[in-house]
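What follows is a short report on a single structure.
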Amino acid sequence: MTIDVVSTQPIEGQKPGTSGLRKKTRIFMEPHYLENFVQSIFNAIGGAEGKTFVIGGDGRYFNAEAIQTILKMAAANGAVKAIVGQNGLLSTPSASHLIRLNKTDGGLILSASHNPGGIDEDFGLKFNIQNGGPAPESVTDAMLEQTKTLQSYKTLSAPDIVLGQIGKQTLGAMEIEIVDPVSDYTALMKSLFDFDKIRAMFASGFTMRFDAMHAVTGPYAKAILEGELGAPDGTVINGVPLEDFGGGHPDPNPVWAKTLMDLMMSDASPDFGAASDGDGDRNMVVARGTYVTPSDSLAVLAANAHLAPGYKTGLKGVARSMPTSAASDRVAARLGIGSYETPTGWKFFGNLLDAGKVTICGEESAGTGSDHVREKDGLWAILLWLNILAEREMSASEILNDHWETYGRDYYSRHDFEAVPADAANELMSDLRAKLPGLAGQTFAGQTVKHADEFSYHDPVDQSVSHNQGIRIVFAGDARAVFRLSGTGTEGATLRLYLEQYAPQGTDHAKDTQEALRSVRDAAQEISGLKERLGRDAPNVMT
Ligand code: G1P
Ligand code: ZN
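In our numbering, each residue carries its 1-based index in the sequence shown increased by 76.
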């Protein structure tokens, strides 16, 4: 076995976004592309010499090949050990757990999350640091700098590792340990939730459908829900991970998990419905007959978490991304604990969790999690819901209605305009930015602007500041519109419009969501002219 130093050209544009580097799979497969980024990661973290890494991904097309490349490069760069999920599989939250459990130097996670997989679809790679969370901006900026100047990378010419075989192997001087991806994660969930109580609920006839969307959580959900908790066979559907997710879009929302949604809205609905995404960090929760928005789910979980053993002493605080609704703030206020508003992307929660300022975090994009790992965690959220249902002996929709009666309801929806021309989207944002100072006091579609600004985040832990994190327009009638450009799209630009309207306690909580948001949506359109500018009559996706 020899270490090869391969010369290469810097590859522009390897800029890790909100969740690492995401590109079309064919781009990652181009000669030296993946290698350049991997070497840039190693260089940006001060080299791989003497380090131990966790490596695994969501099983999409190119996952296994990329892992072989990364292992050879890690060995050539002097890493001492790699902990790899069997067959290259690790859900993102379980990778985060393994990084922490084994006190490693970080991990390389291969995934494009909820984006479709396949040779003509998407691939991604991100680096998580020792705390188990995504690399902060200072580290991703250093990676970007490396990709611009890199002249060579190191790799080992050696045969491939057998990824299917649990146990130890060696690659040059590096040890490789192939682990069962599910067992340590299951033990962690057992330490947080009352498995006996949830098992008894299933035994008494409680029914559930979990849609794994042919993505990585299939084996986890089968082992935990059908194995440990005794849910009947067939509770987990689409449970076998496939390289192309069965041709589907593994994004757990009402649009892409339509089969589950239809079931939950039908007469044949089980008691509870849930789904997870490509790499297992997102979740969707559906009550019989009612979709639970991620913003509401975060609020309900925060209000009831103390019912689960892992959180019985209460929460330290709650954090949400800026575009997420204010529902969880209301819970934090009532509990008398801190609430934090961060930019979009899980990496911003890491410091708050590490500093012990918050216990639970969430994003409107179906991400919810706690301080048990440093990623959002789809199955965790679903198990916490199950634990609450078992304790409160109420249905999920009763719990939701009770929540709205107590706190009022934050009607919420996100409208996505995908793959629009980047120039038009950038111009829309810059024109809007220029308008901000004059908006206060003006009325649009019956909504009067209270204040308008562009969100900047001052991290209370490391004092870093992140600018340009989305434009917020707050209206006097307890409504808000947020405009933001996506950092994970792989085609053109994606403009996200986030709409929110509060209905206080004692008012109608049973309106149709889009109807309840009509005036704030019309106001956002009047202020921005987005339909004409983007050449779109309607959003591609409304969640
Ligand atoms: C999207 C979501 C964001 C999430 C990220 C990674 O990013 O909006 O909340 O953290 O995916 O799952 P965006 O495309 O909006 O930049
Ligand atoms: Zn994901």
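In this text, a Cβ means the ideal position worked out from N, Cα and C, and glycines have one as well.
TODO: Flag S506 as yes when its Cβ comes closer than 7 Å to any non-hydrogen atom of the ligand G1P, and as no otherwise.
DONE: no
TODO: Report yes if the C-beta distance between Y296 and V82 is below 8 Å; otherwise report no.
DONE: no
Open item on the list: Going by C-alpha to C-alpha distance, which of K433, A151, L374 and E530 sits closest to P419?
Closed with: E530
Task: Contact under 8 Å by Cβ, T311 with L301 - done: yes
TODO: Please report the residue range of the alpha helix (DSSP H) in which G294 lies.
DONE: T293 to A297
Open item on the list: If the criterion is Cβ atoms closer than 8 Å, does the pair A378 and I436 meet it?
Closed with: yes
TODO: Can you say whether N544 is buried or exposed, counting buried as having 16 or more other CB atoms within 10 angstroms of its CB?
DONE: exposed
TODO: Would you be able to state if there are at least three C-beta pairs under 8 Å between the segment 104 to 111 and the segment 153 to 168?
DONE: These segments do not touch.
TODO: Output yes or no for whether 8 Å exceeds the beta carbon distance between Q577 and L593.
DONE: yes
TODO: Below 8 Å on the Cβ atoms is my guess for L186 versus G133; work out the distance and round it to an integer in Å.
DONE: 3 Å
Open item on the list: Can you give me the C-alpha to C-alpha distance between A288 and D309, rounded to a whole angstrom?
Closed with: 14 Å
TODO: Could you tell me if the beta carbon of D357 falls within a distance shorter than 7 Å of some heavy atom in the ligand ZN?
DONE: Because some heavy atom of the ligand ZN lies under 7 Å away, the Cβ of D357 counts as near it: yes.
- [ ] Rank I87, A586, E608 and A142 by C-alpha distance to the C-alpha of G365 and give the top, closest one.
- [x] A586
Open item on the list: For a test of your reading of the model: does the CB of S562 fall under 7 Å from any non-hydrogen atom of the ligand G1P? Yes or no.
Closed with: yes
Open item on the list: So, at 6 Å on beta carbons, what are the nonlocal neighbours of A516 in its own chain, with the 5 sequence-adjacent residues on each side left out?
Closed with: V525 and H527
Open item on the list: Considering just the uninterrupted stretch of the alpha helix (DSSP H) at K511, what are its terminal residues?
Closed with: A498 to K511
TODO: Measure from the alpha carbon of G306 to the alpha carbon of each residue in M277, Y367, I547 and L374, then state which is nearest.
DONE: M277
- [ ] Throw me the rounded Cβ distance for the S172 and N139 pair, which I believe falls under 8 Å.
- [x] Not a contact, Cβ separation roughly 18 Å.
Task: Collapsed DSSP secondary structure at K202 in the structure displayed - done: Assignment of K202 by DSSP, reduced to helix, strand and coil, places it in the strand class.
Open item on the list: Using C-beta distances below 8 Å, list every residue in its chain close to L508, excluding the 5 sequence neighbours before and after it, in chain order.
Closed with: I547, F559, I603 and S604
TODO: Using only the heavy atoms of the ligand ZN, determine whether one of them is closer than 7 Å to the beta carbon of D353.
DONE: yes
- [ ] Rounded to whole angstroms, what's the CA-CA distance from V255 to G568? Just pull it up for me.
- [x] 39 Å
- [ ] Taking 8 Å as the cut-off, decide whether the C-beta atoms of T101 and D198 are in contact.
- [x] yes
- [ ] Would you tell me roughly how many angstroms separate the C-alpha atoms of V130 and D535, rounded to the nearest one?
- [x] 28 Å
Task: Cβ pair L575, V596 closer than 8 Å - done: yes
Task: Short Cβ contact (8 Å threshold) for Y483 with R406 - done: The answer is yes: Cβ separation under 8 Å.
TODO: Would you grab the beta carbon distance between G323 and R136 for me? Rounded to a whole angstrom, and I think it's under 8 Å.
DONE: Contact doesn't hold; Cβ gap of about 12 Å is too wide.
Task: Close Cβ partners of G414 (< 8 Å) along its chain, the five nearest in sequence each way excluded - done: K392, G393, V394, A408, K433 and V434
Task: K433 (DSSP reduced to helix, strand or coil) - done: coil
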